[in-house]
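So the working numbering is basically just the index in the first sequence, starting at one, shifted up by 65.
Quick reminder that beta carbons are idealized off the backbone N, C-alpha and C, glycines included.
Predicted model, so just to flag it, every value in this text is computed and none were measured.
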Amino acid sequence: MTRGKADAPSAARAADLRARIDDANHRYHVLDEPEIPDIEYDKLMRELSELEATHPELVTADSPTARVGAAPSGAFAPVPHEIRMLSLANAFTPDEVEDFVRRVEQRIEKTDPVFSVEPKFDGLAISLRYEDGVFVRGATRGDGETGEDVSANLRTIRSIPLRLRGTDVPTVLEVRGEVYMPRDGFEKYNERMRANGGKVLVNPRNGAAGSLRHLDPRLTAQRPLAFYAYAVGVVEGGALPTTHSATLAKFREWGVPVSALVDTAHGVAGCLAYYARIGAERDTLPFDIDGVVYKVDDYADQRELGFVGRTPRWAIAHKFPAQEQQTLIEAIEVNIGRTGAATPTARLVPVHVGGVTVTNATLHNADQVARLDVRIGDTVIVRRAGDVIPEVVRVVMELRPANAKPWTMPATCPICGSDIVREEGESVARCTGELTCAAQRVQAIFHFASRRTMDIDGLGERYIEDLSDLGYVVSVADLYKLTVDDLIAMKQRADERDGTIPETTKAGKVATKWAENLVEAIDKSRRTTLDRFLYALGIQHVGESTSKSLATWFGDLALIRHLPWPILKLVPDIGNEVAHAIDAFFQQSGNQTVIDDLFARGVVVTDTHPPSPKLRAELTVANVLAQFGIAKVTTKRAEQLGIAFESLAAVAGANADALLEAGLPTETAESLLTYVAMDEGRALLARCIDGMTRLAEATSAQATVETGVLDGKTVVLTGTLSALTRDDAKVRLEALGAKVAGSVSKKTSFVVAGEAAGSKLDKAQELGVEIWDEAALLAFLAKHSA
DNA sequence: ATGCCTCGAGTTCA
DNA sequence: CTCGAGGCAT
Numbered sequence: 066m067t068r069g070k071a072d073a074p075s076a077a078r079a080a081d082l083r084a085r086i087d088d089a090n091h092r093y094h095v096l097d098e099p100e101i102p103d104i105e106y107d108k109l110m111r112e113l114s115e116l117e118a119t120h121p122e123l124v125t126a127d128s129p130t131a132r133v134g135a136a137p138s139g140a141f142a143p144v145p146h147e148i149r150m151l152s153l154a155n156a157f158t159p160d161e162v163e164d165f166v167r168r169v170e171q172r173i174e175k176t177d178p179v180f181s182v183e184p185k186f187d188g189l190a191i192s193l194r195y196e197d198g199v200f201v202r203g204a205t206r207g208d209g210e211t212g213e214d215v216s217a218n219l220r221t222i223r224s225i226p227l228r229l230r231g232t233d234v235p236t237v238l239e240v241r242g243e244v245y246m247p248r249d250g251f252e253k254y255n256e257r258m259r260a261n262g263g264k265v266l267v268n269p270r271n272g273a274a275g276s277l278r279h280l281d282p283r284l285t286a287q288r289p290l291a292f293y294a295y296a297v298g299v300v301e302g303g304a305l306p307t308t309h310s311a312t313l314a315k316f317r318e319w320g321v322p323v324s325a326l327v328d329t330a331h332g333v334a335g336c337l338a339y340y341a342r343i344g345a346e347r348d349t350l351p352f353d354i355d356g357v358v359y360k361v362d363d364y365a366d367q368r369e370l371g372f373v374g375r376t377p378r379w380a381i382a383h384k385f386p387a388q389e390q391q392t393l394i395e396a397i398e399v400n401i402g403r404t405g406a407a408t409p410t411a412r413l414v415p416v417h418v419g420g421v422t423v424t425n426a427t428l429h430n431a432d433q434v435a436r437l438d439v440r441i442g443d444t445v446i447v448r449r450a451g452d453v454i455p456e457v458v459r460v461v462m463e464l465r466p467a468n469a470k471p472w473t474m475p476a477t478c479p480i481c482g483s484d485i486v487r488e489e490g491e492s493v494a495r496c497t498g499e500l501t502c503a504a505q506r507v508q509a510i511f512h513f514a515s516r517r518t519m520d521i522d523g524l525g526e527r528y529i530e531d532l533s534d535l536g537y538v539v540s541v542a543d544l545y546k547l548t549v550d551d552l553i554a555m556k557q558r559a560d561e562r563d564g565t566i567p568e569t570t571k572a573g574k575v576a577t578k579w580a581e582n583l584v585e586a587i588d589k590s591r592r593t594t595l596d597r598f599l600y601a602l603g604i605q606h607v608g609e610s611t612s613k614s615l616a617t618w619f620g621d622l623a624l625i626r627h628l629p630w631p632i633l634k635l636v637p638d639i640g641n642e643v644a645h646a647i648d649a650f651f652q653q654s655g656n657q658t659v660i661d662d663l664f665a666r667g668v669v670v671t672d673t674h675p676p677s678p679k680l681r682a683e684l685t686v687a688n689v690l691a692q693f694g695i696a697k698v699t700t701k702r703a704e705q706l707g708i709a710f711e712s713l714a715a716v717a718g719a720n721a722d723a724l725l726e727a728g729l730p731t732e733t734a735e736s737l738l739t740y741v742a743m744d745e746g747r748a749l750l751a752r753c754i755d756g757m758t759r760l761a762e763a764t765s766a767q768a769t770v771e772t773g774v775l776d777g778k779t780v781v782l783t784g785t786l787s788a789l790t791r792d793d794a795k796v797r798l799e800a801l802g803a804k805v806a807g808s809v810s811k812k813t814s815f816v817v818a819g820e821a822a823g824s825k826l827d828k829a830q831e832l833g834v835e836i837w838d839e840a841a842l843l844a845f846l847a848k849h850s851a
C-alpha cells in the first residue's frame, strides 16, 4: 500500500467525491428528491474509501466514509446536556388539548395562538452538536440532564449531516430530534435477518433504540436508521429566528432533515384538525408515530410560559389511542415493595401489544381488582398505557369460565408470612413484616444501592437477593464489610443452590473479576452527599426532593437524626405526615445503629454544612410551638408566647400566672399546662428544646467556621466548560461562598470563560472585570476545595 | 372543606 | 409512566 504523501490529483478527487456524496445525501434525505441511483452512489463511496485507504492522510472527520462505522470504542461516555432535553405532557382527548390551549392563551394573553405542529416520532430522542458547522458529538436523551455519547453510531446514519451547509450556521449548534427506523427499512432488515438466520427486531422503535446502543458502530451501520430534527439546544455565535417553525425551516436550509409533515396551526381548531389529518395518514406513513405534538411557535411566548417541573407549559403531545389486545389471566400474584406495599400483579399469557410482548400487568391494588372484577382465568383487554406500561382495561365477561372465583388480597405475606394489613382510608395493603420480611429487606437494599442513591454500580436485584438469602447481608451496613472472598463464596453457594454447573477455571477468573469490581464499586459509593444518603435510607415519604430539602435546611445528619417532628415541620413541603415519618424512623434504635455502622465502615457524607439561614429565620419559639397542635394554642397564641418567653424551656416551665401575664386566655393557658403535664407532651417539648439547642450550636459555629474563600464574591460562568458541567462548577463555587450570577455587571468579581464564550465575555472585558479561563478555575477549585 | 400541584412509590420490557 | 396522597392556598 502506498503510504506516501498524497498527490494533488488524489486530494482533489477525494474532495470532489465527498462533495458529490454529500450532495446526494442531502437531496435524498433532506429534499426528498433522489437524483443519482443507489448503484451510482455506492460506486462513489467505494472509490472514496479506496482512495482514503491508500492515502490515510486524506481522511477527514466529516468524511462520508466515516458512516460505515468505526471500530468498537468501549462504553458510552456520559454527556451532560447544558440545556435539558425535555419530556412532554400528554393529552389523549380533545378536552385535554382544549385545556392546554386555554392555559396557554391565559398566560400569554393571546387568542388562537400559532402552534408549530409536528408528528411525534416513535424512536429515540437525541441531541447533535455542531461546531463550526461540523458534527462533533451526538448523545442520547438519557434522563434529560445527562445522556450517553453515541457519536460513532450516529455518524453511520446517512440522514444526519456530518457538515452543515450555508454561511450563517452558528458556531455552536445543538440540533435535537428523533432517530427512528423507517418501516420499509425495518421490514427489509428483518427479511434479511430471517433469510440468514439472524435475530429479527421486535419493532422499529426498539430497533432504533437498540441500534444506537451497539458498542460496535459497524453493526449500527447495517441498521436502516434515519433522523428528523424537531428542536434546538445550545446556540452560540449565531442567531436563530424568533419562532420555532422558522427555526425548522432554517434547519432545512442548513441541510438538517425536518419532516415534511410539520406545519403550523392556529388555536384549538387548527391543532385538532392537524391531529385528524395526521391520524388519517398514520397507517400509510413510512415511519411509526404515536401522536402529534403542538408547540407554541413564538419563542418569546415559550419563555413566558416556562416550565412545570420537567415539562414545558408551551408544548403538549397529543397521543393516538393506545393499542389494545386480548389475552388470558393465568394467575394473580402479590408483589411486596420496599415499604411493604402488597401489589397484585396479573400474570398473562404472553401477547403482543404495541410491538412488545407483555406477560405481566400491574393491577395496582385490591380496589382496582375489585373495580375491574378481574379473576384468574378471565380473558382481558390489555393496553399499553401512556407509552410503555401495560394495563388491564377490562374483562371480557362473555369469556369468563363458570368457576372463576373473585380474587382477594391474601391475609398474610407470601414471602414472610406476616399479616397483610390495610389501613383505614388507604388504598394499599402492606406486609407488616418490615425488615423481618426478606422481600422488603431486598427492596430496601436495592433502593439503597440504586443509581439515584448510593449508586453502587453492578449491584442488581438478583445479587442482592442472593446476598440476603444466603445471610451475607442483613442490613445495608453489611454491604460495606463484604470482601472479594465473601462474594466469591456467595456466588459459589448460589450456583450450587440453583444447580448451576460449577465454574471452570476460566469462568472462575471471571467471577473473581466480578467480585473485585463489585467491591470496588461498593468502596466508591462510600463517599456520598447528604441528600443522596438521606434518600438512600428509604424513610417513608422521603424521596429525592424531600431529601434535598432536608439536606439544604439542616446540613448535617448529626442534627437531622435527633430532631423531633415539630422542628422538621418548619421545612416547606414537610407537613405532619412526612415529619412524623422521619421522626419515627430515627426513633427506631435499629435504624440509628445501621447509620452508626455505615459511618463506622467508612461511609462519608462529603457535603455536611451548617444549617441554612432560612432555617435560622424560621426557628423561633413561636414557630416551633405552633407546630405542636396543642388545643387552643393557635399561631397567634404561639406568637404571644414567643414574645413573652425567651426560650421553649421557659414556656415549658411557666406556671399559670406567667402564662396569663403573657396575655393568654385562661382556657389556652390551661390547655398548655395540661399538655406539659402529660408525659408525652413533656417528652416532646424536651426533645424540641434539645433540638433547638443543637441547631443553635451548629448555627453559631457557622459564624466562626464559615470562611469561604469566595465569601461575598459574585461569579459569572460563560461558554462551555469541558472538565465539568456548568451546574457542577456552580455548586463548587457556591460551596466556597461565592454567589453565581447569570449576567455580568460591575459588581461581578470575576468571569469564568469557557470555550466559545459569547457576549458575557465581551461585557466583562468592557467593564474591566477579571476573567478566568477554565484551567484557572480548576486550579483554584483544586486548591481550595476540601 | 376543597381543589391544585408536586412528590413518592411501584412497575414493564428489551 | 401512572396513581395516590401529602402539602398548601383559597
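Going by beta-carbon coordinates alone, are Leu-188 and Glu-239 separated by less than 9 Å? Reading the sequence as shown, one finds Gly at residue 188 and not Leu. It is not a contact, given that the beta carbons lie outside the stated cut-off.
May I ask you to report which of helix, strand or coil DSSP gives Asn-400? strand
Looking at Phe-664: is its Cβ nearer than 9 Å to the Cβ of Ile-381? no
Start and end of the alpha helix (DSSP H) containing Trp-618? From DSSP, the alpha helix (DSSP H) with Trp-618 extends over 609 to 619.
Span of the alpha helix (DSSP H) holding Asn-255? That run of the alpha helix (DSSP H) goes 248 to 260.
Who does Cys-496 pair with in a DSSP beta bridge? Ile-485
What is the residue span of the alpha helix (DSSP H) that Phe-165 lies within? 159 to 173
Taking the CB atoms as reference points, tell me whether Asp-596 and Thr-617 lie closer together than 9 Å. The answer is yes: Cβ separation under 9 Å.
Please report how far the alpha carbon of Glu-246 lies from the alpha carbon of Phe-385, in whole angstroms. Sequence check: residue 246 is Met here, not Glu. CA-CA distance, Met-246 to Phe-385, rounds to 19 Å.
Do you know how far the Cα of Gly-272 is from the Cα of Lys-679? 51 Å
Mind the definition here: the region 220 to 231 touches the region 300 to 308 only if three or more C-beta pairs lie below 8 Å; say whether that holds. no
Between which residues of its own chain and Val-358 is the CB-CB distance below 8 Å, once the five residues before and five after are set aside? Leu-153, Val-182, Glu-183, Pro-184, Lys-185, Tyr-295, Ala-380, Ile-381, Ala-382 and His-383
When we look at the beta-carbon of His-417 and count the other beta-carbons within 10 Å, is it buried (16 or more) or exposed? exposed
Unbroken beta strand (DSSP E) runs of length 3 or more, entirely within the region 696 to 740: which are they? List check, beta strand (DSSP E) in window: nothing returned.
Check Lys-360 in the structure and name its three-state DSSP category. The three-state reading of DSSP puts Lys-360 in strand, counting E and B together.
Please state whether DSSP places Leu-663 in a helix, a strand or coil. Reduced to three states, the DSSP call for Leu-663 is helix.
Phe-180 vs Glu-243 beta-carbon contact at 9 Å: no
By DSSP, does Leu-690 sit in helix, in strand, or in coil? The three-state secondary structure of Leu-690, taken from DSSP, is helix.
Taking the Cβ atom as the reference point for each residue, do Tyr-528 and Arg-666 lie within a distance shorter than 9 Å? no
Have a look at Ala-79 and Gly-231 and give me their C-alpha separation to the nearest angstrom. 21 Å
Taking DSSP as the reference, what is the three-state secondary structure of Ala-476? coil
Only counting the same chain, and skipping five residues up and downstream in sequence, which positions put a Cβ closer than 8 Å to that of Ala-586? Ile-521, Asp-522, Gly-523 and Leu-524
In whole angstroms, what is the alpha-carbon distance linking Glu-745 and Gly-655? Glu-745 and Gly-655: Cα-Cα distance of roughly 22 Å.
Put Glu-213 into one of helix, strand or coil per three-state DSSP. Here Glu-213 sits in strand by DSSP.
Assigned secondary structure, Trp-379 (DSSP; H/G/I helix, E/B strand, else coil): Coil, per DSSP.
Just tell me which of Pro-143, Leu-782 and Ala-406 has its CA closest to the CA of Ala-509. Ala-406
Between Val-698 and the rest of its own chain, which residues show a CB-CB distance below 7 Å, the 5 nearest in sequence each way excluded? Leu-690, Thr-733, Ser-736 and Leu-737
Could you tell me whether the region 611 to 631 touches the region 669 to 688, where touching means 3 or more Cβ pairs closer than 8 Å? Counting Cβ pairs under 8 Å, three or more are found: they touch.
Expressed to the nearest angstrom, what Euclidean distance is found between the alpha-carbon atoms of Trp-630 and Glu-642? 9 Å
Buried versus exposed, by CB contacts within 10 Å (16 or more), Glu-839: By the 10 Å Cβ count, Glu-839 comes out buried.
Three-state secondary structure (DSSP) at Ile-587? helix
Give me, in chain order, the residues of the same chain whose beta-carbon lies closer than 6 Å to that of Tyr-340; leave out the 5 immediate sequence neighbours on both sides. Taking Tyr-340 as the centre and dropping the five residues before and after it, the same chain places the C-beta of Val-357 and His-383 closer than 6 Å to its C-beta, in chain order.
Taking only three categories from DSSP, how would you classify Arg-202? For Arg-202, the secondary structure class from DSSP, reduced to helix, strand or coil, is strand.
Of the residues Gln-605, Val-741 and Thr-764, the one placed nearest Glu-683, counting alpha carbons only: Thr-764
Decide if Asn-430 is buried, meaning its Cβ has at least 16 other Cβ atoms within 10 Å, or exposed. buried
To the nearest angstrom, report how far apart Cys-753 and Ala-818 are at their CA atoms. 48 Å
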